[in-house]
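Notes for the one structure printed next.
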Amino acid sequence: MLPKRDLHLYCFSPLVMLATFLIEIISAAYVVWRYRMTVTTRLITALLVFLATFQGTEFLLCGGVGVPGGVWSRIGYASITMLPPLGIHLIYVLARRKERILVWFSYLTAAAFIAYFVFATQAISGHTCYANYAVFDVTQASTLLYSLYYYGWLLLGITLTIIFGKSLPRKRRRPLYALMVGYLSFLIPTTTVNVIDPQTIGAIPSIMCGFAVLLALILVSNVAPKSLPLRKSTPLSKRADDGRRSSA
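Structural data, given as structure tokens:
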């Protein structure tokens, strides 16, 4: 049997988990209400919903509501596993790149990890809630592979935004670079924690959840307004659409 390693979830208090969940789910609802339904709209909404799902599961597990952990732990891990491929897909759509082999490969790797966390009995064997974080029991081998999966796709996403952005007009480049800033807003703090305490490298996705609300705020306040057409037919929406067409 593979050895176990405790994964510490640095998501602060249950109150912060709940507040973060509300911010992310309200942001998702706002994007759906405010903007026309396009591929970009769906991807931004999906990112926000999966971020919120993870925070919601953490609150259910550690917020004193008495929810059993087995199923909800697996749902939480499945939700954060979807974030890297959705980010890669969004980068390709914002850059208007039609070659999508890398996008589909990212979804394939996500599907493999989701299948493992959901169906493998030894994937997540338990959890313990403490005052400021939760501890999950996950095999050491899967921890290493999952860390490589997460950091690998995030770093590749940042690289792609730089490469694709160089060939885009300024206005079309802005939402792409805003997404890159969103990546860095939680990747840099997570890396800092890993450097200070190398034992936390096995908890990369968990540590990120405390900072990913910054990505959510950037998506709704910067990426969406600069890349999505407004849903309602108003002078404001017409000016925004005209501006995007002129920059294309």
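Positions 1 to 248 (my numbering) are the ones given, in order, by the sequence shown. Beta carbons: idealized from backbone N, C-alpha and C, even for Gly.
Does the Cβ of residue i have 16 or more other Cβ atoms within 10 Å, making it buried, or fewer, making it exposed?
{"i": "Met208", "result": "buried"}
{"i": "Ala141", "result": "exposed"}
{"i": "Leu61", "result": "buried"}
{"i": "Leu86", "result": "buried"}
{"i": "Pro84", "result": "buried"}
{"i": "Ile101", "result": "exposed"}
{"i": "Ile196", "result": "exposed"}
{"i": "Ala115", "result": "exposed"}
{"i": "Ala110", "result": "buried"}
Can you give the Cα-Cα distance for residue i and residue j, rounded to whole angstroms?
{"i": "Thr192", "j": "Leu18", "result": "25 Å"}
{"i": "Arg231", "j": "Leu179", "result": "22 Å"}
{"i": "Leu51", "j": "Tyr183", "result": "13 Å"}
{"i": "Tyr92", "j": "Tyr35", "result": "20 Å"}
{"i": "Pro14", "j": "Trp33", "result": "28 Å"}
{"i": "Met82", "j": "Val16", "result": "22 Å"}
{"i": "Val118", "j": "Ser73", "result": "9 Å"}
{"i": "Val138", "j": "Ala123", "result": "6 Å"}
{"i": "Leu217", "j": "Leu144", "result": "29 Å"}
{"i": "Gly210", "j": "Gly76", "result": "14 Å"}
{"i": "Ala95", "j": "Thr159", "result": "13 Å"}
{"i": "Leu48", "j": "Ala78", "result": "14 Å"}
{"i": "Phe164", "j": "Phe59", "result": "38 Å"}
{"i": "Tyr30", "j": "Ile80", "result": "21 Å"}
{"i": "Tyr149", "j": "Pro225", "result": "30 Å"}
{"i": "Ala28", "j": "Thr161", "result": "23 Å"}
{"i": "Arg97", "j": "Ser221", "result": "24 Å"}
{"i": "Gly157", "j": "Ser167", "result": "16 Å"}
{"i": "Asn194", "j": "Val181", "result": "20 Å"}
{"i": "Arg170", "j": "Arg42", "result": "24 Å"}
Rounded C-beta distance between residue i and residue j? I'm assuming under 8 Å.
{"i": "Leu219", "j": "Thr38", "result": "Contact flag wrong, Cβ pair sits at about 14 Å."}
{"i": "Phe113", "j": "Tyr146", "result": "6 Å"}
{"i": "Phe90", "j": "Thr45", "result": "In the sequence as presented, Phe is not what sits at residue 90; that position holds Leu. Incorrect: roughly 11 Å between the Cβ atoms, too far for contact."}
Residue i: which of the options sits nearest, CA to CA?
{"i": "Leu187", "options": "Leu168, Thr161, Leu214", "result": "Leu214"}
{"i": "Thr254", "options": "Thr20, Phe21, Gly70, Ser185", "result": "Outside the shown range of the chain, which is 1 to 248, sits residue 254, and nothing can be said about it."}
{"i": "Leu154", "options": "Leu168, Pro169, Ser167, Thr190", "result": "Thr190"}
{"i": "Ser185", "options": "Ala212, Pro198, Asn194", "result": "Ala212"}
Would residue i count as contacting chain B if we go by Cβ distances under 7 Å?
{"i": "Thr143", "result": "Checking the listed chains, one finds no chain B in this structure; it contains a single protein chain."}
Taking 6 Å as the cut-off, does the CB of residue i come closer than this to any heavy atom belonging to the ligand FAD?
{"i": "Gly56", "result": "You won't find the ligand FAD in this model; it holds no ligand whatsoever."}
Could you say if the segment 160–180 and the segment 103–112 meet the contact criterion of at least three C-beta pairs nearer than 8 Å? no
So, does the segment 43–63 touch the segment 19–28, judging by three or more C-beta pairs under 8 Å? yes
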